[in-house]
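The first sequence begins at 3 in this note's numbering and counts up by one. Comments concern the structure below.
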Amino acid sequence: MSSRRKCPLPKRSKLGSTFFSRDPVEVARDLIGATLIVGQAGGIIVEAEAYRRDDPASHSFVGQTQRNASMFGPAGTAYVYRSYGIHWCLNFVSGEQETGSAVLVRALEPKVGLNAMRARRGLDDPHLLCTGPGRLCRALGVTGEHDGSRLDEPPFEIYACSGPVEVRAAPRIGISRAPDHLWRFGLLGSPFLSKRLAF
DNA sequence: GGTATGATTGACT
DNA sequence: GTCAATCATACCA
């Protein structure tokens, strides 16, 4: 089940709060093919997952806490949390009106700053640099210090997809609650996905 | 207070 | 395939 999606925005259009002020499921889908830069490094988003405010799998499901506070900030905010006490994971706060929804960036095709990413990750293979939410944050230097930052201001730059892309929906990964929603989106056939897009 | 559980990764059998 | 790392949060007593 894949669908072709044309770029809805002008080439190299910078994405800000207007883009993120929509249903996180739509935002996640439309982020596939977009470019994410953090500082001097970045690439093309090839995998993302949506988490809604009232979604049992979402950190926001239990209401606002110290950890998830930035999820309840304005759309276009970064939500960075620690996963398994070890890794950082980067989310884009989204949602039309209600707060508490976000999109988890799961994988990138590295495009710029390859050497900086290699140095941070301690390996060479571009296929392993950013394929996974924890790896991606390590490669880009994203940490808890970025939690609550605006996504349309440095060090973040996010640009719209510059051409048509083939996007596939699949179940989310690594969750135990609400596992059936097809809220994981990936670039069909990309070798930079964290997991294959099978059902 | 204690204990179980992760939106993961890398090392190992 | 299995499993440990490592810690904030949730939940129970």
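Here a beta-carbon is modelled for each residue, glycine too, at the ideal position from N, C-alpha and C. Just so we're clear, the structure is a prediction, and the values are computed from it rather than from any experiment.
* Three-state secondary structure (DSSP) at R84? -> Taking the first residue of the first sequence as position 1, residue 84 is located at position 82. Three-state DSSP puts R84 in a strand.
* Can you name the residues that DSSP bridges to I177? -> By 1-based counting over the first sequence, the position of residue 177 is 175. DSSP, once it has assigned bridges, lists no residue as partnering I177.
* Asked: In the DSSP assignment, what are the bridge partners of R7?
  -> Translated into positions along the first sequence, residue 7 becomes position 5. DSSP, once it has assigned bridges, lists V167 as partnering R7.
* Beta-carbon proximity list for L184, same chain, < 7 Å, skipping 5 on both sides -> Within the first sequence, the letter at position 182 stands for residue 184. Once the five neighbours on either side are set aside, the close Cβ partners of L184 are A171, A172 and P173.
* Helix or strand or just coil, what does DSSP make of P128? -> For the purposes of this step, residue 128 is identified with residue 126 of the first sequence, where counting begins at 1. Three-state DSSP puts P128 in a helix.
* N-terminal and C-terminal residue of the beta strand (DSSP E) that R140 is part of -> Against the first sequence, residue 140 aligns to sequence position 138. Careful: R140 lies outside any beta strand (DSSP E), inside the alpha helix (DSSP H) at P135 to L142.
* Under 8 Å between C-beta atoms of L190 and V169 -> Here residue 190 is taken as the residue at index 188 of the first sequence, counted from 1. Here residue 169 is taken as the residue at index 167 of the first sequence, counted from 1. Yes, the pair counts as a contact, with Cβ atoms nearer than the cut-off.
* Residue range of the alpha helix (DSSP H) that R122 falls in? -> What you label residue 122 is simply residue 120 of the first sequence in a count that begins at 1. Its alpha helix (DSSP H) spans residues L116 to R123.
* Thinking C-beta only, is A43 closer than 8 Å to R108? -> Within the first sequence, numbered from 1, the residue matching residue 108 stands at position 106. Within the first sequence, numbered from 1, the residue matching residue 43 stands at position 41. Their beta carbons are not under 8 Å apart, which means R108 does not touch A43 by this criterion.
* Going by other Cβ atoms of all chains shown within 10 Å of its Cβ, with 16 needed for buried, is V114 buried or exposed? -> For the purposes of this step, residue 114 is taken as the residue at position 112 of the first sequence. Its Cβ having fewer than 16 others within 10 Å, V114 is exposed.
* **Check: Y83 C-beta below 7 Å from any heavy atom of the ligand FMN** => Ligands are entirely absent from the displayed structure, and the ligand FMN is therefore not among its contents.
* To do: Measure the Cβ-Cβ separation of T133 and L33 and say whether it is below 8 Å.
  => Position 131 of the first sequence, counted from the start, is the residue given in the question as residue 133. Position 31 of the first sequence, counted from the start, is the residue given in the question as residue 33. Cβ distance not < 8 Å, so T133 and L33 don't count as in contact.
* Residues sharing a beta bridge with P112, DSSP -> Residue mapping note: residue 112 aligns to position 110 of the first sequence, counting from 1. Bridge partners of P112: G45.
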